[in-house]
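Residue numbering for the sequence shown follows my numbering, beginning at 74 and increasing consecutively.
Don't be surprised by glycine CBs; every beta carbon is placed ideally from N, CA and C.
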Amino acid sequence: MIPMRNAERTAIGVDLGEYNLYTACPARMPDWNGVYPIRGNEYCARLDEFREQVAALLGSECDRETIVAYVEHRREALLERLTDAAHEICEYASAYDRPVLVTEDNHYQPDLWAWLTDPDAHRGTAWLLPTAHLRLRAVAAEYGLEVATVPEAYSSQECHACGVIGERPLGETFRCTNSDCHVDWADADYNAAKVLAQRYYPGRRCAYRPSRSGPTEEHSALAADGGSPQHQQSQDPELQQPPRSPQSPQEDA
Ligand SMILES: [Zn+2]
74 MIPMRNAERT
84 AIGVDLGEYN
94 LYTACPARMP
104 DWNGVYPIRG
114 NEYCARLDEF
124 REQVAALLGS
134 ECDRETIVAY
144 VEHRREALLE
154 RLTDAAHEIC
164 EYASAYDRPV
174 LVTEDNHYQP
184 DLWAWLTDPD
194 AHRGTAWLLP
204 TAHLRLRAVA
214 AEYGLEVATV
224 PEAYSSQECH
234 ACGVIGERPL
244 GETFRCTNSD
254 CHVDWADADY
264 NAAKVLAQRY
274 YPGRRCAYRP
284 SRSGPTEEHS
294 ALAADGGSPQ
304 HQQSQDPELQ
314 QPPRSPQSPQ
324 EDA
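In structure tokens, the structure reads:
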């Protein structure tokens, strides 16, 4: 059953990541011309350099108060850039009729100190992705734009056209392995944004069927997840979150 209010909206998937901070794409876009990516390379380089600076400061005779002030100053600048990027996404989305932004139901909490001081911390999950999510929500609220969340599982690996789980052989490239599908290659972030948007519409996501290699544990998890695309049901992560793909935390980002 499709609630009319969902069907009448223009779902715009927003994939969050590092290569692209935000990638926005409506569910029904016929080609990739209207996709809106905001590159993240420079931003990630700033985060890396920030971490190196803090490590140098912590190893120096600099007092803690000075270091904390430095971190806060840099953090503000980083937040400002993300806020600007979120504004761009909201401007883009506002051009559509009855838009709703659709993101993954990522439930990490930002922890900048973890990124700066924990050698095992992942840049995306420790700070960037949760912060990008929070900034997008805050800016969207200023625009009066609704933000819905849908299950994130395999959104970066599922083909937007046929729903089959494809491959990520070259990091930023998605390859559909379904020989009956018209999609061969696609930009991985574009594909993920469109998949997220599609998940907003119940029954419109994941026409799952096993790839030629046969079902795997991951596929079973996806199939289990595939029955409940309604974003209203995604509020409880414990009910919706299958095991994360062990080899691709970055790709899911
Ligand atoms: Zn496909």
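Here the C-alpha atom of Gly113 lies approximately 32 Å from the C-alpha atom of Asp136.
Shortest gap from the CB of Val237 to any heavy atom of ligand 1: under 7 Å. Taking the C-beta atoms as reference points, Ser167 is found nearer than 8 Å to Leu218. Within the region 217-266, the runs of beta strand (DSSP E) that reach at least 3 residues and sit entirely inside it are, in chain order, 219-223, 246-248, 258-260.
Excluding the 5 residues flanking it on each side, His160 has same chain C-beta neighbours closer than 8 Å at Val212, in chain order. Within the region 166-214, the complete alpha helix (DSSP H) runs of at least 4 residues fall at 185-190.
Distances between the C-beta of Ala261 and the heavy atoms of ligand 1 are all 7 Å or more. Distance from the Cα of Trp188 is smallest, within the candidate group Arg124, Gly86, Gly244, Tyr95, for Arg124. In this structure, the C-beta of Asn93 stays at least 7 Å away from each heavy atom of ligand 1. Residue pairing for Cys98: DSSP places it in a beta bridge opposite Gly86. For Glu115, the number of other beta carbons within 10 angstroms of its own is below 16, and it is reported as exposed.
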